Amino acid sequence: MEYAKKQIKLSVARSNLKYFTYRIKKNSDLIYNDILGELRCIYDGEQYFENGKLNKKLLEQSGGLFIDI
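For the sequence shown, position 9 matches number 9 in UniProt numbering, and the numbering has no gaps at all.
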């Protein structure tokens, strides 16, 4: 895939996922299920939320802080 087309697809994906992604410090120890460019997907991500908010301490304990590397 051409670089320009890839960047367009990544831009569309970021726009669609805007409300479901979180920017957190880079950590290479993060266990994720899928990757698209700079985006990492964690299928069981619900376990890191309490009362609808991301619990960073739970995420740190399980492998680090992530997303938008």
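In this text, a Cβ means the ideal position worked out from N, Cα and C, and glycines have one as well.
Nothing here was measured: the structure is a model prediction, and the numbers come from that model.
Just curious, the alpha helix (DSSP H) that residue i is in, first and last residue?
i	result
residue 8	3-17
Taking just the CA atoms, how far does residue j sit from residue i?
i	j	result
residue 33	residue 3	24 Å
residue 13	residue 54	21 Å
residue 47	residue 7	31 Å
residue 17	residue 52	17 Å
residue 60	residue 11	28 Å
residue 68	residue 39	Reliability fails at residue 68, whose pLDDT of 45 lies under 50, so the model's placement of it is uncertain and the value that follows must be treated cautiously. Spanning the two alpha carbons is a distance of roughly 6 Å.
Which residues mark the beginning and the end of the beta strand (DSSP E) in which residue i is found?
i	result
residue 34	34-36
residue 30	From DSSP, residue 30 is part of no beta strand (DSSP E); its letter is neither H nor E.
List the DSSP bridge partners of residue i.
i	result
residue 50	53
residue 39	36
Is the closest heavy atom of the ligand COA to the C-beta of residue i under 8 Å?
i	result
residue 53	Ligands displayed in this structure: none; no statement on the ligand COA is therefore possible.
Between the options, which lies nearest to residue i when the distance is taken from Cα to Cα?
i	options	result
residue 20	36, 57, 50 and 45	45
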